[in-house]
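Just below is one structure, and these are the notes that go with it.
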Amino acid sequence: MKKILKKKYALIIMILAVVCILAGTSYAYFTAMADSDDQIVDSGVLRLTYHTGQNIALDSVFPGEEADAGIHEFTIENTGTLEATYYLYLSNVVLQKDGQPTQSENLKWKLYSADENYTQQEEIASGDFSDGSNTIELDSDITIQPQEKHYYILKIWLQETGKLQNEDQRLNLSTIVEATTIKKNINKTLVNTIKGEAVLDNIASEFVTSPTGIDFSQISSDTNGKGLYILHGTENEANPIMYYRGAVENNNVKFANYCWKIVRTTETGGVKLIYNGSPDSNGQCTNTTGSSTVLQDSVFNANSNDNAHVGYMYGTAGSSTYEETHKNTNDSTIKTVIDSWYEENMTEYTDKLEDTVWCNDRSVVQYSSYTGTGVGKENTMYGARNRLMVNKTPSLACVNENDRFTVSEENGNGALTYPVALLTADEIVYAGAVYIQRNSSYYLYNNASWWTMSPNHFPGSHAHVFYVNSTGSLDFGYVYNIDGVRPSISLKKGTKVEAGGDGTKENPYVVVE
150 MKKILKKKYA LIIMILAVVC ILAGTSYAYF TAMADSDDQI VDSGVLRLTY
200 HTGQNIALDS VFPGEEADAG IHEFTIENTG TLEATYYLYL SNVVLQKDGQ
250 PTQSENLKWK LYSADENYTQ QEEIASGDFS DGSNTIELDS DITIQPQEKH
300 YYILKIWLQE TGKLQNEDQR LNLSTIVEAT TIKKNINKTL VNTIKGEAVL
350 DNIASEFVTS PTGIDFSQIS SDTNGKGLYI LHGTENEANP IMYYRGAVEN
400 NNVKFANYCW KIVRTTETGG VKLIYNGSPD SNGQCTNTTG SSTVLQDSVF
450 NANSNDNAHV GYMYGTAGSS TYEETHKNTN DSTIKTVIDS WYEENMTEYT
500 DKLEDTVWCN DRSVVQYSSY TGTGVGKENT MYGARNRLMV NKTPSLACVN
550 ENDRFTVSEE NGNGALTYPV ALLTADEIVY AGAVYIQRNS SYYLYNNASW
600 WTMSPNHFPG SHAHVFYVNS TGSLDFGYVY NIDGVRPSIS LKKGTKVEAG
650 GDGTKENPYV VVE
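Residue 662, in our numbering, is where the sequence shown stops; the numbers in between run on with no holes.
If you want it as structure tokens, here you go:
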């Protein structure tokens with residue numbers, strides 16, 4: 150009987166062990182690559198004691214919560230005779246999926262202080278691995294006295310989002326904790342560099358006094374938007390849309406030997422930029438006004454006597470159907486200018502750019518005397534005019550697939566040769582402009598007039614497209630008018646910038662090429 154009981158107990162223990170092992174593979178876990186529990190590494194006057202081993206490994210992680218995180222415990226001791234300042238990093242980071250480098254906003258880390266028994270105390274810092282295999286600064290400028298010890302707990306886990314997380318499957322991570330008295334210069338992704346200052350745009354905040362947020366019927370100001378904002382409704386998306394508004398001075402980027410202004414992030418995690426001239430002899434992006442901030446002057450379209458000519462590309466004038474009128478067959482004059490410049494100056498940088506959507510919104514709105522259908526010489530109103538002049542409500546939606554200009558047909562019309570075009574009038578309103586309201590205090594103002602990509606209307610004689618006039622207001626004009634060309638591109642998700650840049654004209658963010 151005792152033998153039977155012993156066998157049963159042994160079987161139960163084996164089952165429980167298997168269950169524990171299987172349960173453990175459902176969450177993030179650490180493997181300490183060490184011969185013993187404690188490893189000691191001396192670095193100058195600092196002694197690091199890795200209670201759970203120096204090397205951290207995470208294999209085929211599954212989603213969970215912080216309570217399921219792998220735990221890494223370590224101690225920093227000052228073995229010298231003088232006060233010291235140190236910095237904590239996750240170094241030698243290798244984050245891969247199926248053997249390929251990747252990044253994950255859902256792979257989280259948190260650093261806690263602890264007592265000498267490694268009982269968790271206060272949270273110090275937190276973050277994620279959206280910078281991929283880049284070194285991560287855990288904490289900085291930490292003062293430690295002679296013979297003093299600091300105890301830490303580091304947790305890493307894959308956060309459960311409540312949605313499908315196919316992009317996070319089969320993640321593998323290896324890294325080590327490092328303490329040093331020398332601060333490291335760390336290249337970070339552009340999105341991660343800027344996002345810490347973003348606030349929602351539908352609430353009151355430092356530069357928004359209205360409790361309902363930004364009023365887009367009014368220009369940007371110190372009370373109606375100045376800074377980086379999260380577009381409400383996107384805050385819970387995988388890539389929340391953030392946009393700059395107002396008199397900001399920290400959205401300058403140097404890339405491909407040109408200066409650019411950050412306009413917004415995209416639905417796919419990229420960063421949309423607008424052309425702002427060339428760096429000066431000191432490498433600074435000091436261009437602010439006039440011709441130095443535009444590529445050149447051009448008409449939008451040489452022809453104007455048909456609804457077709459509101460198009461960035463267009464079909465056949467005089468056609469009897471909307472489809473033939475707005476078919477993407479012919480390049481507009483401005484597209485020819487932009488494509489020629491890109492071909493001569495930018496093709497070697499194409500692999501840094503995402504194939505985002507450029508919207509030439511030719512959706513038709515029936516309003517008042519505008520009863521046309523977008524054909525021939527019919528009196529026609531287009532979507533952006535209704536949104537921005539009637540309703541005063543901008544949007545980033547692009548309702549017609551035919552109007553979503555892209556290189557690939559996978560995410561748009563596939564009509565572009567290169568991933569470059571123009572900003573929409575809506576994007577410029579988010580930045581701070583309003584129809585026929587002067588605004589010289591927002592970052593897109595340059596004391597010059599320049600084209601957008603948004604059709605306005607066709608009143609029966611000549612096609613009109615939105616542009617920004619020299620007072621900074623949004624306006625519309627004949628497509629045969631001569632105005633500035635400011636190309637726009639979008640950097641890929643995960644694009645890194647060099648350490649040290651702060652986005653100012655004197656010290657712009659510099660894309661790692």
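All C-beta atoms in this analysis are idealised placements derived from N, C-alpha and C, irrespective of residue type, glycine included.
A quick note: this is a predicted structure, and the numbers were derived from the prediction, not measured.
Residues bridged to residue i (per DSSP)
| i | result |
| --- | --- |
| R196 | D191, E226 |
| K410 | N401, I423 |
| L349 | I379 |
| R553 | C508 |
| K641 | None, per the DSSP bridge assignment. |
| H606 | M530, H613 |
| K259 | S275, K304 |
| M538 | Answer is none; M538 lacks a bridge partner. |
| D267 | The sequence given here places Tyr at residue 267; Asp does not occur at that position. Answer by DSSP bridge pairing: none, since Y267 is not bridged. |
| F211 | In DSSP, F211 forms no bridge with anything. |
Contact belief for residue i with residue j at Cβ below 8 Å, rounded distance in angstroms
| i | j | result |
| --- | --- | --- |
| Y579 | Y392 | 5 Å |
| G336 | E647 | The identity of residue 336 in the sequence shown is Asn, whereas the question assumes Gly. Sure, about 6 Å apart at Cβ, within 8 Å. |
| L307 | L237 | Wrong, their Cβ atoms sit about 22 Å apart, outside the cutoff. |
| L377 | E346 | 5 Å |
| N321 | D208 | 6 Å |
| T573 | S603 | 5 Å |
| Y658 | A396 | In fact, because the Cβ distance is near 18 Å, the residues do not count as touching under 8 Å. |
| T372 | T358 | 5 Å |
| K501 | G609 | Contact flag wrong, Cβ pair sits at about 44 Å. |
| T566 | D488 | 6 Å |
| N400 | C408 | With a Cβ gap of about 11 Å, N400 and C408 do not count as contacting. |
8 Å Cβ shell around residue i - same chain, five flanking residues per side excluded
| i | result |
| --- | --- |
| S512 | Y531, G532, V548, N549, D552 |
| T330 | S192, G193, V194, L195, A233, T234, Y235, Y236 |
| R319 | S209, K246, D247 |
| T470 | V524 |
| V486 | L444, Q445, S447, V634 |
| I390 | I379, L380, T383, R413, T414, T415, E416, L545 |
| G563 | T555, V556, S557 |
| N388 | T414, T415, E416, T417, G418, K642 |
| S185 | Note that S185 scores 40 on pLDDT, short of 50, meaning its location in the model is unreliable and no value can be drawn from it. |
Cβ-based neighbour list, residue i, same chain, cut-off 7 Å, excluding 5 preceding and 5 following
| i | result |
| --- | --- |
| V242 | S282, N283, T284, I285, T324 |
| P543 | F365, R536, L537, D575, V578, Y579 |
| A546 | none |
| Y627 | S453, H611, H613 |
| I302 | I220, E222, Y261, A263, Y267, Q269 |
| Y519 | N528, T529, M530, H606 |
| K157 | Unreliable placement is indicated for K157, whose pLDDT of 43 sits below 50; no coordinate value is reported for it. |
| K484 | Y461, M462 |
Residues near residue i in its chain [Cβ-Cβ closer than 6 Å; skip 5 each side]
| i | result |
| --- | --- |
| E446 | Position check: residue 446 holds Asp in this sequence, whereas Glu was assumed. Within the same chain, D446 has close Cβ partners I631, G633. |
| A466 | D455, A457 |
| E473 | G464, T465 |
| G643 | Q252, T338 |
| R635 | I423, Y424, V443, W599 |
| H381 | L349, D350, N351 |
| E226 | R196, K298 |
Segment contact flag, the region 253-260 with the region 275-293, C-beta cutoff 8 Å, min 3 pairs: Verdict: yes, contact present.
Cβ contact check for the region 217-235 and the region 288-305: 3 or more pairs under 8 Å: yes
Inter-stretch contact (C-beta, 8 Å, three-pair minimum) for the region 416-436 and the region 611-622: Not touching, per the Cβ criterion.
Three or more C-beta pairs below 8 Å linking the region 586-598 and the region 617-631: yes
Continuous alpha helix (DSSP H) assignments of at least 4 residues falling wholly in the region 416-504: Complete alpha helix (DSSP H) runs here, min 4: 471-474, 482-494.
Secondary structure, beta strand (DSSP E): runs of 3+ residues fully inside the region 278-308: 285-293, 298-307
Stretch-stretch touch, CB-based, cutoff 8 Å, three pairs: the region 494-509 with the region 410-425: yes
Complete alpha helix (DSSP H) runs within the region 316-365 (minimum length 4 residues, chain order): 339-343
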